Amino acid sequence: MNITIVGTGYVGLVTGACFADWGHNVLCVDNNEKKVAMLRRGEMPIYEIGLAEIVKRCVDAGRLAFSASIEEGTKFAEVIFIAVGTPPGYRGEANMSYVEQVGRLVAQHMDGYRLLVEKSTVPVNTGEQLKRTLAKYLRDDIPFDVASNPEFLKEGTAMEDANNPDRIVIGIESERAAVLLRQVYAPIIKKSGCKLLEMNIASAELTKHASNSFLAMKISYINAMSRVCELAGADVKQVAQGMGLDKRIGAQFLYAGVGYGGSCFPKDVDAFVHIADRLGYNFELLKEVQRINKAQREHLLQKIQHELWVIQDKNIAVLGLAFKPGTDDVREAPSLFFIPQLREAGAKLRLWDPIGAEKFAELYPEQKYYKDIMECVTGVDLVLILTEWPEVKQLDLAKLKAAMKVPVIIDGRNIFEPDAVRAAGFTYHSVGRA
Ligand SMILES: NC(=O)c1ccc[n+]([C@@H]2O[C@H](COP(=O)([O-])OP(=O)(O)OC[C@H]3O[C@@H](n4cnc5c(N)ncnc54)[C@H](O)[C@@H]3O)[C@@H](O)[C@H]2O)c1
46 MNITIVGTGY
56 VGLVTGACFA
66 DWGHNVLCVD
76 NNEKKVAMLR
86 RGEMPIYEIG
96 LAEIVKRCVD
106 AGRLAFSASI
116 EEGTKFAEVI
126 FIAVGTPPGY
136 RGEANMSYVE
146 QVGRLVAQHM
156 DGYRLLVEKS
166 TVPVNTGEQL
176 KRTLAKYLRD
186 DIPFDVASNP
196 EFLKEGTAME
206 DANNPDRIVI
216 GIESERAAVL
226 LRQVYAPIIK
236 KSGCKLLEMN
246 IASAELTKHA
256 SNSFLAMKIS
266 YINAMSRVCE
276 LAGADVKQVA
286 QGMGLDKRIG
296 AQFLYAGVGY
306 GGSCFPKDVD
316 AFVHIADRLG
326 YNFELLKEVQ
336 RINKAQREHL
346 LQKIQHELWV
356 IQDKNIAVLG
366 LAFKPGTDDV
376 REAPSLFFIP
386 QLREAGAKLR
396 LWDPIGAEKF
406 AELYPEQKYY
416 KDIMECVTGV
426 DLVLILTEWP
436 EVKQLDLAKL
446 KAAMKVPVII
456 DGRNIFEPDA
466 VRAAGFTYHS
476 VGRA
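Read the sequence shown against our numbering and you will find it ends at 479, with the numbers running on by one and no gaps.
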């Protein structure tokens, strides 16, 4: 099949590469000409394990190409996926201007039937708005369909997720759209045996927000539990293990820490609360999820403050800038909360991240970045751990202690065992453990 993907960011590029790898002919369109030029040179704008190899393989095989022209994209394929950003608007609602723009432009260039598929995470009923937009901007009476196909990949394991999906959800309104989408996913359904769920468009749109909000709720639940554990002298890791082995609960997303971040959870929960409000339902449960998430960061900041007493002029090594390991994405990362706060308080910051430093440096070019983790921690008054990179987990505690001026660790990811770290001579604060 010929498939066009509009928006060649995290989702668009991973999806395009996988579709091509499954045997389709894919054209990835992006209006960022610099990005398209990079991709044409074989350079990846994002880091994701296995992505560069698959892109190269598919480009070499002539099944994957890149373009900055939406006109070319519209002419190229009957099925057009929209994978542009839906960033937060200023009141927390999703900014739909990129999606709307794609709808308008596709309508202007259509020369025959097209199926426009929402892959971006969008508010429920976006399908209706897209249909209205297409109808408004179409020159002739050309038939079209709109469908929803939310994306569930996780950054850091995106290629693996796309090739082993738990399920594929499609929201459709016509048999023609259903047939096309079944055809798109036939290769991976055959290979992985995953379920294809067909539903109406509004239900598919809602499934995505409902899933992300539920996962954010799980994180906030265990973070709230971590506060109780600290007060009660319990260990949240042990409690989480005890809970997670119950199949009804499951162990994933039960890690207490600095709270959820990244390009999806914060914005999707905000957007969903906003949508529910607009529909007439006050989703107080999710508002509390948001409050707990913010409070978790403040609580860790207080631990730093308590430990240093005065932050001004203290040397602090921050280990981890990306919002999670395996990615260079720093959007809404906890580091973007802590670093401005610590800078404001006058700390001298030394920053380390094996992959995310470059993207972080675009926002804070004047900060000091270290490639070598041991050089980063040398002479510091405190180490703050924000991302559970393997390099941090594998730190030699004796060497770390010898390198630091004062052996204090604030561990926002519960990487170390408290007894072992304290036995090694550190003052150690983690999350939810006495
Ligand atoms: N990143 C994730 O892990 C993830 C997972 C699931 C769903 N999503 C959702 O997928 C969508 C895309 O997310 P992302 O992380 O890939 O975003 P991104 O910012 O990495 O990529 C979006 C791309 O769209 C391009 N773009 C914007 N307007 C355009 C236009 N008019 N024409 C062509 N290209 C245009 C931008 O230049 C950019 O390259 C969002 O709705 C997001 O919530 C993201």
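In this text, a Cβ means the ideal position worked out from N, Cα and C, and glycines have one as well. Nothing here was measured: the structure is a model prediction, and the numbers come from that model.
- Residue pairing from DSSP places residue 192 in a beta bridge opposite 162.
- Comparing alpha-carbon positions, the option among 288, 455, 411 lying closest to residue 426 turns out to be 455.
- CA-CA distance, residue 355 to residue 388, rounds to 13 angstroms.
- Secondary structure in the region 415-469: the alpha helix (DSSP H) runs of 4 residues or longer, each lying completely within the stretch, are 418-422, 435-438, 442-448, 463-468 in chain order.
- Counted as a single uninterrupted DSSP element, the beta strand (DSSP E) harbouring residue 73 occupies residues 70-74.
- For residue 203, the enclosing alpha helix (DSSP H) stretches over residues 203-208.
- About 12 angstroms separates the Cβ atoms of residue 216 and residue 173, ruling out a contact at the 8 angstroms cut-off.
- Looking at the DSSP output, residue 240 shares a beta bridge with 212.
- Taking a 10 Å sphere around the C-beta of residue 296, we find fewer than 16 other C-beta atoms and assign the residue as exposed.
- Ligand 1 never approaches residue 73 closely enough for any of its heavy atoms to be under 6 angstroms from the residue's Cβ.
- Apart from sequence neighbours up to five positions away, the residues of its chain that approach residue 386 with a beta-carbon distance below 7 angstroms are 346, ordered along the chain.
- By the criterion of at least three beta-carbon pairs nearer than 8 angstroms, the region 326-338 is not in contact with the region 359-366.
- Ranked by Cα distance from residue 108, the options 62, 226, 132 are led by 62.
- Remark: the shortest separation between the CB of residue 110 and any heavy atom of ligand 1 does not fall under 6 angstroms.
- About 6 angstroms separates the beta carbon of residue 460 from that of residue 437, a gap short enough to meet the 8 angstroms contact definition.
- Contact check for residue 72 against residue 121 passes: the beta carbons are separated by less than 7 angstroms.
- In the DSSP assignment, no residue is bridged to residue 319.
- Per DSSP, residue 331 is one residue of the alpha helix (DSSP H) stretching across 329-353.
- Annotation: residue 93 to residue 186 spans about 42 angstroms, alpha carbon to alpha carbon.
- Burial is judged here by how many other beta carbons sit within 10 angstroms of a residue's own beta carbon; residue 330 has fewer than 16 and is exposed.
- Under the DSSP assignment, residue 292 falls outside any alpha helix (DSSP H); it carries neither an H nor an E label.
- Counting along the chain, the unbroken beta strand (DSSP E) around residue 362 starts and ends at 360-364.
- For residue 112, the enclosing beta strand (DSSP E) covers residues 109-112.
- DSSP, reduced to helix, strand and coil, places residue 133 within a strand of the structure shown.
- Setting aside the 5 residues that flank it on each side, residue 203 is surrounded in the same chain by 59, 93, each with a C-beta closer than 6 angstroms to its C-beta; the list follows chain order.
- Residue 184 carries a coil assignment under DSSP once its states are collapsed to helix, strand and coil.
- In the DSSP assignment, residue 397 is bridged to 364, 415.
- DSSP, read as helix, strand or coil, puts residue 478 in strand.
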